[in-house]
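Below: one structure, written as structure tokens.
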Amino acid sequence: MNTTIFKKGTTLGDILQFIIKHNTIFIFLLLVIFSALISDVFFTETNLSNLLKQVSGIGIVSIAMLLVILTGGIDLSVGSIVALLAVTFAILINVVILPVAIVLILAIGFGLGSVSGYLVAYQKMAPFIATLALMTIARGLGFIYSKGSPVTFDSDGGVFMSDFANNSTLLVPNIAIVFFIIVALAAVMLRYNVFGRLIIAMGSNEEASRLSGIRVNKYKFLVYAISGSLAALAAIITASRTNLGSPNMGVSWELDAIAAVVIGGASLNGGKGTAINTLMGVLILGLIGNILNLLNVPSYPQQVVKGVIIILAVLFQKFENKK
Numbered sequence: 001m002n003t004t005i006f007k008k009g010t011t012l013g014d015i016l017q018f019i020i021k022h023n024t025i026f027i028f029l030l031l032v033i034f035s036a037l038i039s040d041v042f043f044t045e046t047n048l049s050n051l052l053k054q055v056s057g058i059g060i061v062s063i064a065m066l067l068v069i070l071t072g073g074i075d076l077s078v079g080s081i082v083a084l085l086a087v088t089f090a091i092l093i094n095v096v097i098l099p100v101a102i103v104l105i106l107a108i109g110f111g112l113g114s115v116s117g118y119l120v121a122y123q124k125m126a127p128f129i130a131t132l133a134l135m136t137i138a139r140g141l142g143f144i145y146s147k148g149s150p151v152t153f154d155s156d157g158g159v160f161m162s163d164f165a166n167n168s169t170l171l172v173p174n175i176a177i178v179f180f181i182i183v184a185l186a187a188v189m190l191r192y193n194v195f196g197r198l199i200i201a202m203g204s205n206e207e208a209s210r211l212s213g214i215r216v217n218k219y220k221f222l223v224y225a226i227s228g229s230l231a232a233l234a235a236i237i238t239a240s241r242t243n244l245g246s247p248n249m250g251v252s253w254e255l256d257a258i259a260a261v262v263i264g265g266a267s268l269n270g271g272k273g274t275a276i277n278t279l280m281g282v283l284i285l286g287l288i289g290n291i292l293n294l295l296n297v298p299s300y301p302q303q304v305v306k307g308v309i310i311i312l313a314v315l316f317q318k319f320e321n322k323k
């Protein structure tokens, strides 16, 4: 059996096309090589573990953003929902048993996402406006409930969650395993499940989907509700990792999530994107941040770099579409 990547007679143009088609993988590999060359610390267990822990929360939020973007929408509220629910989780875990706290947070996340879903799907409000409003409200509520200060875990349930979030299984951080499971579930859903296929169909052509009998409003509503639930899960693991809930958590996460999704090749117009490529986008962003940290670059210039990356990724998409 022929297992070679390129067939006999493959031209340089064919190789370039292959690289362009799988650009996220090649960018990721180049960044790994570059990281290893600039620092002996990169391949240490501590650094790789920290890298995976750092991207896990934003990674889950990025999967949420992917689902929304696939429908042709956008969710600017995810970062603020993380902050609000991290604070709420820290409060709840100190007064109720752990399973109840987790279920309540996931339910609240579903509810918050449902608000955006209702406004977008049934009230025909622009996703940008609806989720921007919820972003402001959620962030404000986070500051109100916490009185502007972090809320620390102070219970056996809090100790358990902190231990879980900061420990590893077979050298892989537990919260990274949670993230990878979410990626796998999203990948299977989008490829093999009817709901996933409907999401992509809606994003490709909403009117055609409506005319074919798809209940567009219902599924669009559900996508935003799921986005809220995933933001809630991200809040739980982020708060557990730091042993507290802070109203300042999740700042600019919506932008990082959009960047990860776009770097992964998803179209902001909807209908195109995969969970695996979004995973690659998350890892690429994480690697860039890790490289800048290893080079002792301050945090503010890192935001500039992320902005430039988003612009380049969108321009690359336009170039691909023209071809």
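Take 1 as the starting number for the sequence shown in the UniProt record's numbering and just add one per residue.
Even for Gly, the Cβ is constructed at its ideal location relative to N, Cα and C.
DSSP state of residue i mapped onto helix, strand, coil
i    : result
L244 : strand
V151 : strand
G127 : Reading off the sequence, residue 127 comes out as Pro, not Gly. Correct three-state label for P127: helix.
V172 : strand
F43  : coil
A260 : helix
R191 : helix
L292 : helix
S209 : helix
A266 : coil
M161 : helix
M135 : helix
P298 : coil
N167 : coil
M1   : With a pLDDT of only 47 at M1, under 50, the local geometry of the prediction cannot be trusted, and no value is derived from it.
R215 : coil
Residue j beta carbon less than 7 Å from that of residue i
i    : j    : result
F42  : S35  : yes
N53  : P173 : The residue you asked about is not Asn; residue 53 is Lys in the sequence shown. Yes.
L141 : L84  : yes
L70  : I199 : yes
Neighbourhood of residue i by C-beta, 8 Å cutoff - its chain only, sequence neighbours within 5 removed
i           : result
M1          : The predicted model places M1 with a pLDDT of 47, which falls under 50 and marks its position as unreliable; any figure quoted below should be read in that light. Once the five neighbours on either side are set aside, M1 has no close Cβ partner at all.
F314        : What sits at residue 314 in the sequence shown is Val, not Phe. Once the five neighbours on either side are set aside, the close Cβ partners of V314 are V262, L268.
residue 382 : What the structure shows of the chain is the stretch from 1 to 323, and residue 382 is not part of that stretch, so it cannot be assessed.
Y122        : N217, F221
Reference residue i; option with closest CA among the options
i    : options                : result
K306 : L285, S114, I74        : L285
L292 : F18, L12, V32, F26     : V32
F160 : I93, A225, K218, F143  : I93
I226 : I236, L287, G142, L112 : L112
D156 : Y192, A101, S39        : A101
I311 : G271, A259, N47        : A259
I237 : S209, T24, N166, S146  : N166
L224 : V95, S116, G196        : This sequence places Tyr at residue 224; Leu is not what is there. Measuring from the Cα of Y224, the nearest candidate turns out to be S116.
I144 : N248, I19, P301        : N248
I74  : V87, F26, M125         : M125
G72  : P127, N23, L119        : P127
V95  : D154, N193, V194, G148 : D154
G270 : M202, I309, G158       : M202
V55  : G250, V297, N296, V304 : G250
V87  : I20, S146, R215, S252  : S146
Residues near residue i by beta carbon distance below 7 Å, same chain, minus five either side
i    : result
I63  : I182, V183, A186, L230, A275, T278
F273 : According to the sequence provided, residue 273 is Gly. The question's Phe does not apply to it. L66, I69, L70, V261, G264, G265, A266, S267.
is_contact[residue i, chain C] using C-beta, thresh 7 Å
i    : result
I129 : Of the chains in the structure shown, none is chain C; there is only one protein chain.
Exposed unless 16 or more other CB atoms sit within 10 angstroms - verdict on residue i
i    : result
T169 : exposed
G213 : exposed
N290 : buried
F89  : buried
I60  : buried
F179 : buried
Neighbourhood of residue i by C-beta, 6 Å cutoff - its chain only, sequence neighbours within 5 removed
i    : result
T152 : L244
L294 : S39
L106 : S229, A232
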